[in-house]
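When you line the sequence shown up against the numbering used here, it's residues 2 to 1208, in that order. Backbone N, C-alpha and C define an ideal beta-carbon position, used for all residues, glycine too.
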Amino acid sequence: MESPKCPKCHSKMVLRTATRGKNAGGRFYGCSRYPKCKETLEYNPSEQNDATEKTYQADTFRVDHSYPRTLVARSRIQGHQVRFYESAALPKNIFDTLRELEISENSIRTFSQWRLDFPKATKTPQWPERERQVLSVVEKILTRGKITICSPLIEEELEKLFGHMDNSILKNGINVTQILASCQSDSLTPWLDSSVETKFFQELLPVILGSAYFRWVLPQVDLSSLIPTNTSQPISGRVDFFLHTPNGKSIIVEIDGEQHNNQEDADRQRDALLAQYGFNVVRIPAQEVTAGVGPNIAYLDKIVDKSFNISNESVMHNALLVKVIYASRHIHQIQLALLQAIQTGHIGLLNSDEWIIFSDLEKTGFYTKIEAKKVLAIAVKDLADLFVRLGHLYSIDLCQGKPHICSDSSPSNHSSSVNINFTGKAANGRTNFYIQHISVPFDIANSVFITSPAILDKPKRNDLEYFLRYIFRKEAFWEGQFDAISRTLEGKDSIVLLPTGGGKSIAFQLASFLLPGRSVVIDPIVSLMDDQIDNLGSMGVDRCIAITSQIENVEDKNRAIALFGQGEYFFAYIAPERFQTVDFRDSLRSLTVHTPVALIAVDEAHCISEWGHDFRTAYLNIGRISRQYCESNLIVPPILALTGTASRAVLKDVQRELQIDEFEAIITPKSFDRPELKFHIFHSRSSEKSARLIGMLSQMLPGTFSVPVTTFYGLDGARTYSGLVFCPHVNGEYGVVHQAEEIRKAMGIYADFYSGSQPKLSRMGAWTSTKKIVARKFKNNQIPLLVCTKAFGMGIDKPNIRYTVHFGIPPSIEAFYQEAGRAGRDRHTAHCCIIVSDDDPQRTRKLLDPNTKAEEIAMAIDSLNWQDNDDITRALYFQSKAFPGVETEKSRVLDVIKKLGEVSTKRDCKIAYPKDERAVHEKALHRLLLLGIVSDYTINYSTSEFTVRLSGITKQQMVESYGIYVAGYIGSRKQVELDKAQKLLGLPINDFITQILDLLLRFIYDIIEKGRRRALQEMLLAATVSQNDAAIRQRILRYLEATEYSEILDAIIHESEAGISKTINTFENVRSPNDASELRGQVSRYLESYPDHPGLLMLRALSEAYTRDHNYTLVQQNLYASLTSCIENYGVDKNRMYLFAAWAVSHIARRESQHVDHLLKTLLNVYSERAFAKALVSALPRAHALIPAWFMLDNTRKAVEKILTQL
């Protein structure tokens, strides 16, 4: 049976199970757009046909309420203007309780929707740039959520005024919906077109809708607010009255006078169009209104929902609760009204002692006269404080002096006095700002206060901490947060490395709120976007959206993108691929006309390096495209890249691809140590891994925490012992599906699984919603153990994860620390385990040897039977797919060039791609972009097409582009590579492109592919050699943290002749095994960035030889790689290389004397010149010098014999 469609937003509904509340365990249909749309339908298997039939009936209505819409209507007073809001505020404890109770979207709208009618300005204010920027930021902070959290000062003052309120009263049967729907009375009759309409409003509507009728009716609404603008039919005009109650129908009432007799056909067409979009149209002849009775009035009375006919008297038995809730909302409305008064020039911004503020709050029926004046005073004081603090940040003095707060009865004829009017009764001699609650069935789009990008000057910590408390309720910054926020506010790029759980997200979120404009947040996976949006929601921020493939409807996706372009969303969460689409680029162009992009946040920035070179090429374009399309007024927004940990290789990659090269841009903690994490390594053959895992879960981990198994896997809220098991795959024996099932069978506990991609046996389309439910249940402590791929590791902010298990070796030390770091975020002890399977050490040595070619690895992996795999080959399987070999990749790029046609002409062209080969084609295009042949490309996912812009570049320009790319990785190799490329210039264009492409690919494989294998090798070494927590921790920290050697190694990299001189000097200063170990850790980090650098390779060989836990195979491999790279990649003179090699072998001889003779024979077999043997004789002690000496003598003998045979 096909699933029904959502009656609210027209999306597909999915079957779900209630996890709490009175229907816990029951099935129901929930909207697949949850949490954006929370609509539900009852599920009754025996009545599925009926339910489906009702759904199809609803499907005939095309009304879509799931995205905000611009509401346009006439002002209530002639000569005034109107602005509509969907924004309210509550104290944090009440907000949290309402969120926990999962109050319906209808109730939220009912509480937060209102209108502000105010006089037109006599002249348009000409705001200085700084003041305009501040006004924009204040509006941003105040309108950050439909229901947001009021400031700490407001909370404190309300508690002083009304006393402490125990928010548990909200959970004890109180009708929260009724409380949220109640409001004060309003006596203002709106500006209408006729006396008949006035009679209908004043006399008939109160009878039909009840005493609170005024909040359920909206006169003179533009049709454009009710019917989508993309309809093919023309839209113009207004409706007389729009009626809507939260649970009722949306009703249009038209009062037909005589003029309608001549436009019946037009009226019928318009009514049919409105009905098509879900609106019931009731036409009442003017005569019937005059009479006060009639069939049409009776019909209207019948179809109107009257359950929300609520007066404030009906809820005042909870007086304290109601006062606190409504005082919070009134304060929020007053502040937004005053902000509007400032923006339109009715009151000034610089001198608040000129403010004269009145309000009729005491007439609303909620407060005493003293309370009403105090509520007004709280609102004004808090707003003034907000302006003052922002003035500090923006280096201007704002709101100087004490405002005048007056009661409604106070006399005033001052022209600049402002009266905030809640009851509709005008106060003569004052500028009246009228506030009235309204109700419409859709979210109201916000208007934008146009401004320019801002760059601040050295923000002070105490000012930023004010906003940290105001928005996020945090008292002080954690390490690195203040520096990151300060640099961003100053318009500077930053790369922030803070341990997992270190509060990275607040760095870009707070900075975004303090800058004018909107922010783009680039996240690698949807679960992380969902998690961050959920976390923002918990702080009252809901003006954010994730624009992802999970918005399946094309019109919906276009609507979401367009709304971001209009400035509706403060945060747009996107994958990097979104930048490659034309529609999102267009939305940025639209946005930056009126609103700047405040910042670009790149979350989990290590993915640029880890995934950009593999299967998500779009990551490598972020730096270039984001700066190009997010620029406003010639100012490029700062990029803030955030990650938990990053090796030097990854950090350099992130810097290079994001084009961030300032030294001070890197923000790191004093230490990456997480003392609460305890590390364990277990070794096992692949065939025994599952048994090892079960033993660990059933005995070892519960025993480590000294709790029984039943307690360990029991559900206990925030005290649950939550755990993650990371698997390398989704499917198969080592995948999440199989291992979760094995755990359930063996232990009888509730273990679920999560993966980014769809498991083989799951139903098409259902996995998207299923994995969201699983993630939410784990986060809410409803699942104790989750078996997952690393797609989940980045998407969770959960404090009580007590353990992680890696069911396979991670690809690097850094990846292990990132994923294990999901545990212990509450700073309590957590245990992090790895089960390592290195079933064939000899094979592993060959595969990880830097001298082994990528093609050899691909062939070796492809030839293996699945039962012969271990952790190393399973890890290299993915790498071999990303790096199949130079010839294979070159063939793929040349195939794309054939599709592009003539590449020497500047033009745009389109090429199609098979859906399963998009990543291959995109990687090929990026290779051409590096050479300058392609200047840009976009992707149309619906048509499976690339639009490619060819640059018309010359051969010489390609050489220069190649040199720039090489220099970005390692400047000391640039000239050697340029010399190679220059020699190709005489070739015909097609041959030239083929050959320079070959150079590019070989360089990429030298640097990136070898760097990946180097990282895996270091992880394996750490797991093999380090057998206890202290040893593992030391290895990790030496790998991640800079030491005294960092500056020295930087100098080696940039020195000419492959840094040979500085390499020799560096190692000559190594005095102990501890020094050697320190050097080894640092060199290992650098080799991931520069895996072919001769000096680093030699230091890796020598430092390995001189550590206590040395591995001679590694000594030998790195020595060979160093000497080969000297000549092939760095153009070092052979004689210079021979002296370098002789020096190195002499030092190895002191430590590895038993291996040196074999090493010498191998080297002399490769480098048989007399000069090399002579250098060895000079450098080695007598015992080992005999081998090269006999080698020279034997060569002399052979030469003499050759001469004699020729005589």
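Check                                                                                                                         : Outcome
Reduced DSSP secondary structure (H/G/I, E/B, other) of residue 55                                                            : Summary for residue 55: the model assigns pLDDT 25, below 50, so the residue's position carries little reliability; its value from the coordinates is reported in the next sentence. It is helical.
Segment limits, beta strand (DSSP E) that includes residue 433                                                                : 432-438
Simplified DSSP state of residue 82, which is helix, strand or coil                                                           : strand
Minimum length 3: unbroken beta strand (DSSP E) runs contained in the stretch 519-592                                         : 519-523, 545-547, 572-575
Residues of its chain near residue 1173, where Cβ-Cβ distance is below 6 Å and the 5 sequence neighbours each way are ignored : 1139
Exposed unless 16 or more other CB atoms sit within 10 angstroms - verdict on residue 886                                     : buried
Ordered list of alpha helix (DSSP H) runs contained in the stretch 803-834, each at least 4 residues                          : 814-821
Separation of residue 967 from residue 353, as counted between CA atoms                                                       : 59 Å
Start and end residues, beta strand (DSSP E) containing residue 911                                                           : 908-913
Span separating the alpha-carbon of residue 474 from that of residue 997                                                      : 56 Å
Proximity below 8 Å, CB of residue 516 to CB of residue 455                                                                   : yes
Beta bridge counterpart(s) of residue 724 as assigned by DSSP                                                                 : 786, 804
Helix, strand or coil at residue 1094 [DSSP, three-state]                                                                     : coil
Separation of residue 1165 from residue 1196, as counted between CA atoms                                                     : 11 Å
Any 3 or more C-beta pairs closer than 8 Å across the stretch 950-963 and the stretch 902-916                                 : yes
Bridge-paired residues (DSSP) for residue 211                                                                                 : According to DSSP, which records beta bridges pairwise, residue 211 is partnered with nothing at all.
Exposed unless 16 or more other CB atoms sit within 10 angstroms - verdict on residue 1089                                    : buried
Cβ-Cβ distance between residue 744 and residue 787 below 8 Å                                                                  : no
Three-way DSSP call (helix, strand, coil) for residue 994 in this model                                                       : helix
Where residue 631 sits in the DSSP three-state scheme                                                                         : helix
Nearest-angstrom beta carbon gap, residue 851 and residue 1011 [assumed within contact, 8 Å]                                  : 6 Å
Separation of residue 1181 from residue 1189, as counted between CA atoms                                                     : 9 Å
Selected residue, minimal CA-CA separation from residue 73, among 224, 811, 478                                               : 224
Residue environment, residue 134, which counts as buried when at least 16 other CB atoms sit within 10 Å                      : buried
Opening and closing residue of the alpha helix (DSSP H) in which residue 855 lies                                             : 855-863
Which of helix, strand or coil DSSP assigns to residue 420                                                                    : strand
Residues near residue 112 by beta carbon distance below 6 Å, same chain, minus five either side                               : 89, 181
Segment contact flag, the stretch 108-123 with the stretch 458-478, C-beta cutoff 8 Å, min 3 pairs                            : no
Close Cβ partners of residue 1296 (< 7 Å) along its chain, the five nearest in sequence each way excluded                     : There is simply no residue 1296 to check, as the chain begins at 2 and stops at 1208 in what is shown.
Whether residue 619 touches residue 578 by CB criterion (8 Å)                                                                 : yes
Span separating the alpha-carbon of residue 294 from that of residue 262                                                      : 21 Å
Span separating the alpha-carbon of residue 826 from that of residue 724                                                      : 13 Å
Exposed unless 16 or more other CB atoms sit within 10 angstroms - verdict on residue 438                                     : buried
Proximity below 8 Å, CB of residue 646 to CB of residue 500                                                                   : yes
Span of the alpha helix (DSSP H) around residue 598                                                                           : Element bounds for residue 598: not the alpha helix (DSSP H) but the beta strand (DSSP E), 598-603.
Proximity below 8 Å, CB of residue 890 to CB of residue 1002                                                                  : yes
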